[in-house]
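Q: Residue numbers for the sequence shown, in mature numbering (1 follows the signal peptide of the UniProt record, and there is no 0): -30 to -1, 1 to 271. Beta carbons are placed, not taken as given, at the ideal position from N, Cα and C, and that holds for glycine. Since the structure is predicted, the reported quantities are computational estimates derived from the model, not experimental observations.
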Amino acid sequence: MTAQWRRKFGIGLMIATASASLLMQGRVQANPSLPFTLNFEEGNLQGWQQTGTAFANQPTLGDNPTARNRGQASQHQGQYWIGGYENYQGRPGQRPGAVQGDRPQGTLTSARFRIPSGTLSFLVGGGSSPQTRVELVVSGQPQLMASGQNSETMQRVTWDLTPYAGRAGVIRIVDESSSGWGHINVDDFRFSQRLTDSPQVDSPQTTQNLSGQWRGNDGGTYYLNQIGNTLWWYGESGDGGSTWTNVFHGTIQGNRVVGEWSDVPKGRINQSGDMELQIDSAGRLSATRKTGGFGGSVWTR
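#1: Looking only at its own chain, which residues have a Cβ that is under 6 Å from the Cβ of Q(-2), when we skip the five neighbours before and after it?
#2: Kindly list the residues whose CB is nearer than 6 Å to the CB of V140, restricted to its own chain and excluding five residues on each side of it in sequence; keep chain order.
#3: Within its chain, find whatever has a CB closer than 8 Å to the CB of G13; leave out the 5 residues flanking it on each side and keep chain order.
#4: Rounded to whole angstroms, what is the Cα-Cα separation between R254 and Y192?
#5: Excluding the 5 residues flanking V227 on each side, which residues of the same chain have their C-beta closer than 6 Å to its C-beta?
#6: For the alpha helix (DSSP H) containing N27, list its first residue and its last residue.
#7: Just the C-alpha distance for D209 and M115, rounded to the nearest angstrom, thanks.
#8: Quick check on I(-16): does DSSP put it in helix, strand or coil?
#9: Going by C-alpha to C-alpha distance, which of N225, F6, G205 and A26 sits closest to Q217?
#10: What residue range does the alpha helix (DSSP H) around T36 cover?
#11: Within a Cβ cutoff of 7 Å, which residues of the same chain sit near M124, ignoring the five residues on either side of it in sequence?
#12: Could you tell me the alpha carbon to alpha carbon distance between L90 and S148, rounded to whole angstroms?
#13: Would you say S87 and R103 are within 8 Å of each other, going by their C-beta atoms?
#14: What ranges does the beta strand (DSSP E) occupy inside the region 237 to 261, keeping only unbroken runs of at least 3 residues that lie completely in it?
#15: What three-state label does DSSP hand T132 in the structure shown?
#16: By alpha-carbon positions, which one of L194, D145 and T213 ends up nearest to S98?
#17: Please report the straight-line C-alpha distance between G17 and Q113, rounded to a whole angstrom.
#18: Inspect the beta-carbon positions of R137 and I52 and report whether they are closer than 8 Å.
#19: Quick check: what's the CA-CA separation for W203 versus Q223?
#20: Would DSSP call Y58 helix, strand or coil?
#21: Thinking just about the alpha-carbon of each residue, which of G182, R73 and G229 is nearest to the one in A26?
#22: Does P100 pass the burial test, meaning 16 or more other C-beta atoms within 10 Å, or should it be called exposed?
#23: If distances are taken between C-alpha atoms only, which option among N34, L131 and A257 comes closest to N187?
#24: Measuring CA to CA, which of G76, T213 and Q178 is closest to A24?
#25: Are the Cβ atoms of G71 and Y55 separated by less than 8 Å?
#26: Measuring straight from C-alpha to C-alpha, what distance separates G262 and G150?
#27: Please find out if some non-hydrogen atom of the ligand GTP comes closer than 7 Å to the beta-carbon of T221.
#28: When the distance is taken between beta carbons, is G189 closer than 8 Å to S207?
#29: In the DSSP assignment, find the beta strand (DSSP E) that holds R160 and state where it starts and stops.
#30: Mind checking which residues open and close the beta strand (DSSP E) that includes F218?
#31: Can you tell me which of the three DSSP states G22 falls into?
#32: Where do the ends of the beta strand (DSSP E) carrying A116 lie?
Structure, rendered in structure tokens:
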């Protein structure tokens, strides 16, 4: 059932395209404790969850398009970047200019973070199709999207984060194309405002295991599954799910749980939103923040 829940949370409905602009002065890099790399300069994908094979050979070292005489410099920052067509990481036996082509598909998804106000800018290149894109995902739905311009040369795109400030989100890099220009290039994510809250905090982690059957004050039954600091649930109305069913996916941060919920198509309701839960000493879960019309607010075993 867990795999089914995860699939539900990958569905997005609304996409807005952001335009390119020059990098503004005074931008601030994210908190160093943020658990995912913004510029890939360690030569790895630390903090990014990978699916498929499109990014299995990333990040790319150096200007590989120029090394293969493509005639379109990557214009990356630093040494490493995400080059979806490339296959050169500087490892023994590899040669600059090697490629994997457009056939592989997959995604890279950052760790969840609290979206600050201000802007997020980054470099993007590669294919111009919506099938190759960078997304800001909020409440399981892509809200902002940017693609390349059918060129290996990356250009800077800037997003206004103001409408989403304070909410939990992820950055997702997507390659769903195997046709010509079926790849994406990405590098150098920069936030104008410092990230002040991330999924990993210094407060002591709860020692309780939340797995099991819970009862909500909305009359529903909730089946919780905790694995490490990740919590899922499947909830259904008291009539066996005829009225509503929902799922939740969140990250445990000390005695808080921050995540996203969504109704699933079994009952008659179809809503989604963010939710923050508090784990109290009495073993209850209480909603301290919720959006999207969620009904319940207290859960007990």
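A: The answer reads as follows:
#1: Legend: pLDDT at Q(-2) = 41, less than 50; position of this residue unreliable, value from coordinates given subsequently. Contacts found: none.
#2: T79, S80, R82 and V107
#3: So the list reads P29, L31, Q49, Y50, Q59 and G60, once near-sequence residues are dropped.
#4: When rounded, the distance between both Cα atoms is 13 Å.
#5: L201, G220 and L247
#6: Unbroken run through N27: none, as it is neither H nor E.
#7: 40 Å
#8: In this prediction, I(-16) scores a pLDDT of 25, lower than 50, which makes its location untrustworthy; no coordinate-derived value is stated.
#9: The residue asked about is misnamed: residue 217 is Val in this sequence, not Gln. The residue with the shortest Cα to Cα distance from V217 is G205.
#10: N34 to A37
#11: In its chain, beyond the 5 residues on either side, S44, Q45, H46, L93, V94, G95, N155 and D157 have a beta carbon closer than 7 Å to the beta carbon of M124.
#12: 28 Å
#13: no
#14: 242 to 249 and 255 to 260
#15: helix
#16: D145
#17: A straight line joining the alpha-carbon of G17 with that of Q113 spans about 21 Å.
#18: Against a cut-off of 8 Å, the Cβ pair of I52 and R137 comes out as no contact.
#19: Going by the C-alpha atoms only, they are around 17 Å apart.
#20: coil
#21: Considering only alpha carbons, the answer is R73.
#22: P100 is exposed by the Cβ-count criterion.
#23: Cα-wise, what sits closest to N187 is A257.
#24: G76
#25: yes
#26: 40 Å
#27: As far as ligands go, the structure on display features none, and thus does not contain the ligand GTP.
#28: yes
#29: I154 to F161
#30: Its beta strand (DSSP E) spans residues T215 to Q223.
#31: strand
#32: Q111 to A116
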